[in-house]
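S.K.: This is the structure I have questions about; it appears just below.
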Amino acid sequence: MKFTQRFGRVALGLAVLAGSALATPGTASASGPAVARATTTAWVSAAPAAAAPSTPDQAQRAWLDAAREYSSFGERVLATESAAHQATAASVAARQRQQQAQQQLAGENARVAVAQRRVDAAAAELARTSGVTAGYQQQIDAFADASFRGARTGSMSAFLTATSPDDFLERASSLDIVADDNAQLLSAAEAAQRALTAAQQKATAERDGIAAVRDAARARERDAAAAADAATAAERRAVAATHALVADKQRLAGKVAVYQRTYARLSAADRDAAVQMTDGGVTVRNGERGSRSISVQDLSVRAAQQAPNAQAAIAVQAALSRVGLPYVWAATGPDSFDCSGLMLWSWAKAGITVPRSSSEQAAQLPVIPLADVQVGDLITFYRPTSHVGMYIGDGLFVHASHTGAPIMVTSLSKRMNGYPVAHAVGR
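Heads up: the sequence shown runs through residues -23 to -1, 1 to 404, numbered per mature numbering (1 follows the signal peptide of the UniProt record, and there is no 0).
Laid out in structure tokens, this is it:
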């Protein structure tokens, strides 16, 4: 694709982005899409007019600035869209868990009602046993009182007061009966006391069981409600992030007209020079030889030799095979890519999934010292993160830079002012 054709795609891409880039992220909330749709038509006209470049150098710089901002904004839209979808999914899942917890609580309440009936039965048994025990206690107290006052006759008393052997035998027989009655009374009283203790323990256990069941159910409901609240808050944050892009989108729309005028001012040579000046692109030849060029095949061989494992070799060779193809915002291949889409596609060839946007890649992939970066690792740029490339060894990385520039190999030393951060992948 000729450079002028690529440049024309930039102007078209910016115009399209200015009118519709936020339509998808707005779906995070019922209010999000309505806000996006209601304000889309106003953003382009409301944007402040920017001064047109007056020199080729200014035009070159304006083009580069607009292209970079376009690409950065696209990455933010992708990240916001992803966050909105994740927040919505988390909210739905949390609400489902809350409903399940409420259903479980209803079931636990039914079981509590059954347990409460057992508690009531245990309490009734406790009351009955307490009454029986009290009756026996009264009899024991009466026996003890009679014995103390001498109303009851013992064996020695019967012997001493008997008027004849027959009288003694009769009295002794009566004493045996009384003794048996007393023994049975004491035994029954002891049994009643044991039953009372058991009834008390059972009633206590039933009450404790009810409390434990109810507390556990309520705890689950509280946890589920907290999760639902957190998910709802995440949804609100996603919507707020979507709305926060409105101002950026408005500023970007204001550059569309400037960008189109810039296109008319730049010569093809100026545009080629702009890419080299900004990206530090390494001239990659396709077969012809030159002192300042290197072939993609040579880069692939060298990168594969330096790769820490087979998967990294596959990923970096896949990325290098796309050199020269156009940057297209939100594209994930195989014929066009944005910066994070190239990383996603290349590592997928090695069987490894990386996050979709550069901001998610920066947030979710392990950070390593830049000095320890290896072939296949990702390098993210800027604060907040809005660009990403893949390290290919020898201080170089491959990336889809921005609209108007092809996928290229760039010297990392040319991008040190972009706050590069290395992230390990596949190891």
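From the three backbone atoms N, C-alpha and C, an ideal C-beta is built for every residue, glycine too.
By the three-class DSSP mapping on this structure, what secondary structure does SER334 have?
M.R.: Here residue 334 is taken as the residue at index 357 of the sequence shown, counted from 1. Coil, per DSSP.
S.K.: GLY370 bridges to which residues according to DSSP?
M.R.: Within the sequence shown, the letter at position 393 stands for residue 370. DSSP lists LEU373 as partners of GLY370.
S.K.: Just tell me which of ALA218, ARG105, ALA92 has its CA closest to the CA of ARG187.
M.R.: The residue given as residue 187 occupies position 210 in the sequence shown. Note on identity: in this sequence residue 187 is Ile, with Arg being the wrong assignment. It is ALA92 whose Cα lies nearest to the Cα of ILE187.
S.K.: ALA339: which of SER68, SER363, ALA348, ARG88 sits nearest, CA to CA?
M.R.: For the purposes of this step, residue 339 is taken as the residue at position 362 of the sequence shown. Ranking the options by Cα distance to ALA339, first place goes to SER363.
S.K.: Enumerate in chain order the residues of its own chain whose CB-to-CB distance from LYS326 is below 6 Å, with the five nearest sequence positions on each side excluded.
M.R.: The residue given as residue 326 occupies position 349 in the sequence shown. Closer than 6 Å at Cβ, skipping near neighbours: ILE291, ALA295.
S.K.: Output needed for LEU297: all residues of its chain with C-beta closer than 8 Å, excluding positions within five of it in sequence on either side, in chain order.
M.R.: Your numbering for residue 297 matches position 320 in the sequence shown. Here the set comprises VAL273, LEU276, SER277, ALA280, ILE369, VAL375, VAL386.
S.K.: Looking only at DSSP bridge pairs, what is THR209 linked to?
M.R.: By one-based count along the sequence shown, residue 209 stands at place 232. For THR209, which the question treats as bridged, DSSP gives no partner whatsoever.
S.K.: Confirm, please, whether the CB-CB distance from ALA194 to GLU85 is below 8 Å.
M.R.: Within the sequence shown, residue 85 is the residue found at index 108, counting from 1. Within the sequence shown, residue 194 is the residue found at index 217, counting from 1. Yes, Cβ-Cβ distance for GLU85 and ALA194 is below 8 Å.
S.K.: In this structure, what does DSSP give as the bridge partners for HIS364?
M.R.: On the sequence shown, residue 364 is found 387 positions in, with the first residue counted as 1. DSSP, once it has assigned bridges, lists PHE358 as partnering HIS364.
S.K.: In the DSSP output, which residue or residues are listed as bridge partners for ILE345?
M.R.: The sequence position of residue 345 within the sequence shown is 368, counting from 1. ILE345 is bridged to ALA399.
S.K.: Could you check the C-alpha separation between ALA5 and TYR396 for me, to the nearest Å?
M.R.: Counting from one through the sequence shown, the residue named residue 5 turns up at place 28. Counting from one through the sequence shown, the residue named residue 396 turns up at place 419. A caution first: ALA5 carries a pLDDT of 35, below 50, which makes its placement in the model unreliable, though a value can still be read off. Approximately 31 Å, taken between the alpha carbons.
S.K.: Compare the beta carbon distance of ALA202 and GLN115 with 8 Å and say whether it is the shorter of the two.
M.R.: On the sequence shown, position 225 is the one that residue 202 refers to. On the sequence shown, position 138 is the one that residue 115 refers to. No; because the gap between Cβ atoms is not below 8 Å, this pair is not in contact.
S.K.: Buried or exposed: which applies to MET393, given that a residue is buried once 16 or more other Cβ atoms fall within 10 Å of its Cβ?
M.R.: Along the sequence shown, one-based indexing puts residue 393 at 416. Burial call: exposed.
S.K.: Which of the three DSSP states is assigned to THR174 in this structure?
M.R.: Position 197 of the sequence shown, counted from the first residue, corresponds to residue 174. Helix at THR174.
S.K.: Consult DSSP for THR65 and reduce its assignment to one of helix, strand or coil.
M.R.: Taking the first residue of the sequence shown as 1, we reach residue 65 at position 88. DSSP places THR65 in helix when its eight states are reduced to three.
S.K.: If you count every other CB in all the chains shown that lies within 10 Å of the CB of PRO383, and 16 or more means buried, which is it?
M.R.: Along the sequence shown, one-based indexing puts residue 383 at 406. The residue is buried, with at least 16 neighbouring Cβ atoms inside 10 Å.
S.K.: Starting from MET320, trace the alpha helix (DSSP H) both ways and give me its first and last residue.
M.R.: Numbered from 1 along the sequence shown, position 343 holds the residue referred to as residue 320. Looking at the DSSP string, the run of the alpha helix (DSSP H) that includes MET320 is 316 to 326.
S.K.: Among ALA83, GLN81, GLU183, ALA67, whose alpha-carbon lies nearest the alpha-carbon of ALA100?
M.R.: What you label residue 100 is simply residue 123 of the sequence shown in a count that begins at 1. Ranking the options by Cα distance to ALA100, first place goes to GLU183.
S.K.: Less than 8 Å between CB atoms is the rule here; does ALA295 satisfy it with respect to chain C?
M.R.: Structure shown: chain C not included; a single protein chain is present.
S.K.: Once DSSP output is grouped into helix, strand and coil, what is the label at THR309?
M.R.: What you label residue 309 is simply residue 332 of the sequence shown in a count that begins at 1. THR309: strand per DSSP, three-state reduction.
S.K.: Just the C-alpha distance for ALA128 and ALA172, rounded to the nearest angstrom, thanks.
M.R.: Looking up residue 128 in the sequence shown gives position 151. Looking up residue 172 in the sequence shown gives position 195. Only weak support exists for where ALA128 lies, its pLDDT of 42 falling under 50; the value from the coordinates is given anyway. In a straight line, the C-alpha of ALA128 is about 32 Å away from that of ALA172.
S.K.: Between VAL190 and VAL89, is the Cβ-Cβ spacing less than 8 Å?
M.R.: As a first step, residue 190 is located in the sequence shown; it is residue number 213 there, counting from the start. As a first step, residue 89 is located in the sequence shown; it is residue number 112 there, counting from the start. Yes. Within cutoff.
S.K.: Find the nearest neighbour of ARG72 within the set GLN35, GLU212, ARG94, THR57, judged by alpha-carbon distance.
M.R.: Position 95 of the sequence shown, counting from 1, holds the residue named residue 72. It is GLU212 whose Cα lies nearest to the Cα of ARG72.
S.K.: Just to confirm, are VAL365 and MET320 a CB contact at a threshold of 8 Å?
M.R.: Counting from one through the sequence shown, the residue named residue 365 turns up at place 388. Counting from one through the sequence shown, the residue named residue 320 turns up at place 343. Cβ distance < 8 Å, so VAL365 and MET320 count as in contact.
S.K.: Start and end of the alpha helix (DSSP H) containing VAL293?
M.R.: As a first step, residue 293 must be located in the sequence shown, where it is residue number 316. It spans 287 to 297 - the alpha helix (DSSP H) in which VAL293 sits, taken as one unbroken run.
S.K.: Would you mind sorting ALA289 into buried or exposed? The rule is 16 or more other CB atoms within 10 Å of its CB.
M.R.: As a first step, residue 289 is located in the sequence shown; it is residue number 312 there, counting from the start. That one is buried.
S.K.: Rounded to whole angstroms, what is the Cα-Cα separation between ALA61 and GLY381?
M.R.: In the sequence shown, the residue the question calls residue 61 occupies position 84. In the sequence shown, the residue the question calls residue 381 occupies position 404. Their Cα atoms are separated by approximately 29 Å.
S.K.: Count the other CB atoms, across all protein chains shown, that sit within 10 Å of the CB of ARG53; report buried if there are 16 or more and exposed otherwise.
M.R.: If you number the sequence shown from 1, residue 53 lands on position 76. Burial call: buried.
S.K.: Distance, Cα to Cα, GLN170 vs ALA87?
M.R.: As a first step, residue 170 is located in the sequence shown; it is residue number 193 there, counting from the start. As a first step, residue 87 is located in the sequence shown; it is residue number 110 there, counting from the start. Between GLN170 and ALA87, the C-alpha separation is close to 33 Å.
S.K.: Using the Cβ count rule (16 or more neighbours within 10 Å means buried), how would you classify ARG105?
M.R.: Your numbering for residue 105 matches position 128 in the sequence shown. Exposed, because fewer than 16 other Cβ atoms sit within 10 Å of the Cβ of ARG105.
S.K.: Excluding five sequence neighbours on each side, which residues of the same chain lie with their C-beta closer than 6 Å to the C-beta of ALA401?
M.R.: As a first step, residue 401 must be located in the sequence shown, where it is residue number 424. Excluding sequence neighbours, ALA401 sits near PRO343, ILE345, ASP354.
S.K.: Around the C-beta of ASP315, are 16 or more other C-beta atoms found within 10 angstroms, so that it is buried, or is it exposed?
M.R.: Mapped onto the sequence shown, residue 315 falls at position 338. By the neighbour-count rule (16 or more Cβ atoms within 10 Å), ASP315 is buried.
S.K.: When the Cα of SER388 is compared with those of MET367, HIS379, GLY403, ARG404, which residue comes out closest?
M.R.: On the sequence shown, residue 388 is found 411 positions in, with the first residue counted as 1. Considering only alpha carbons, the answer is MET367.
S.K.: Please state if the CB of ALA307 and the CB of LEU347 are separated by a distance shorter than 8 Å.
M.R.: On the sequence shown, position 370 is the one that residue 347 refers to. On the sequence shown, position 330 is the one that residue 307 refers to. Cβ atoms of LEU347 and ALA307: not closer than 8 Å.
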